[in-house]
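In terms of the working numbering, the sequence shown has 109 at position 106, counting the first letter as 1, and numbering is strictly consecutive.
This report concerns only the one structure given below.
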Amino acid sequence: MPDGTWVMDSWKIADLLEEKYPEPSLHLDSEYIPRLKKLLPGAIMALRSIYAPGVYNNVLSPASEEFFRRTREENFGKTLEEVAKDGGEPAWKAAEPNLQKITALLEENTEGPFFDGKTVGFADFVWAGYLIFFGRIGEDVFDRALKASGNASTHLKLLEALKPWTERDDH
4 MPDGTWVMDS WKIADLLEEK YPEPSLHLDS EYIPRLKKLL PGAIMALRSI YAPGVYNNVL
64 SPASEEFFRR TREENFGKTL EEVAKDGGEP AWKAAEPNLQ KITALLEENT EGPFFDGKTV
124 GFADFVWAGY LIFFGRIGED VFDRALKASG NASTHLKLLE ALKPWTERDD H
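Here it is in structure tokens:
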């Protein structure tokens, strides 16, 4: 923050931003936020064997690799290579039900492309963040996530509508 304080955790950051900078609103009162928040763990946890090795192999700088490997291997109780063996199609199949529920949630408001129809809000940034994250891991991971979602075009429309906030990629 401008005063030198810092906050971790996306949800806490959103609360603080809404408090300090209420305009434009993040729409933290949206009915979609708790519903999305309930679905995310089932989708994301099922994909740990996809994204943990993917981050290590495709995202990190060499300076971050040792820490990431050590802490993730401690967390998983096995090497990243062993974790990766648990991935593939079984991981995507496990994530698919929640990914498809997220798709249904995003399609619920037919005014779209945002969860709240024509109004962009925090729920959109949270979900788009995951989609962008999958893309950073690899085009194959992004494409497979879209396939597992049940309707790729719904998510692509969201990402297109969020370009004013996401197109900068130089930091």
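A virtual CB, placed ideally from N, CA and C, is assigned to each residue, including glycine.
These numbers come from a predicted model, not from an experiment.
Same chain, Cβ closer than 8 Å to residue i, neighbours up to 5 away in sequence not counted
i	result
Leu162	Ala131, Leu134, Ile135 and Thr169
Spatially closest choice to residue i from the options, by CA coordinates
i	options	result
Arg38	Pro167, Ala155 and Thr106	Thr106
His158	Lys166, Arg171, Lys40 and Pro116	Pro116
Ala87	Glu110, Ser64 and Gly57	Gly57
Three-way DSSP call (helix, strand, coil) for residue i in this model
i	result
Asp6	coil
Gly91	coil
Thr113	coil
Gly120	strand
Lys15	helix
Lys150	helix
Leu161	helix
Val82	The sequence given here places Thr at residue 82; Val does not occur at that position. Note: Thr82 maps to coil in three-state DSSP.
Leu20	helix
Pro27	coil
Val129	helix
Leu134	helix
Spatial neighbours of residue i in its chain, beta-carbon cut-off 7 Å, leaving aside the 5 residues before and after
i	result
Ala155	Leu149
Ile36	Phe125 and Ala126
Gly141	Gly57 and Asn61
Arg72	Tyr59 and Leu83
Supposed contact pair residue j and residue i - C-beta distance, whole angstroms, cut 8 Å
i	j	result
Val62	Arg139	6 Å
Glu76	Leu83	6 Å
Val129	Ile53	In fact, because the Cβ distance is near 19 Å, the residues do not count as touching under 8 Å.
Leu102	Ala46	5 Å
Leu42	Lys104	5 Å
Burial state of residue i, where buried means 16 or more other Cβ atoms lie within 10 Å
i	result
Ala49	buried
Glu13	It should be pointed out that residue 13 corresponds to Ser in this sequence rather than to Glu. Ser13 should be labelled exposed.
Contact set for residue i: own chain, Cβ-Cβ below 6 Å, skip 5 residues either direction
i	result
Ser33	Asp119, Gly124 and Ala126
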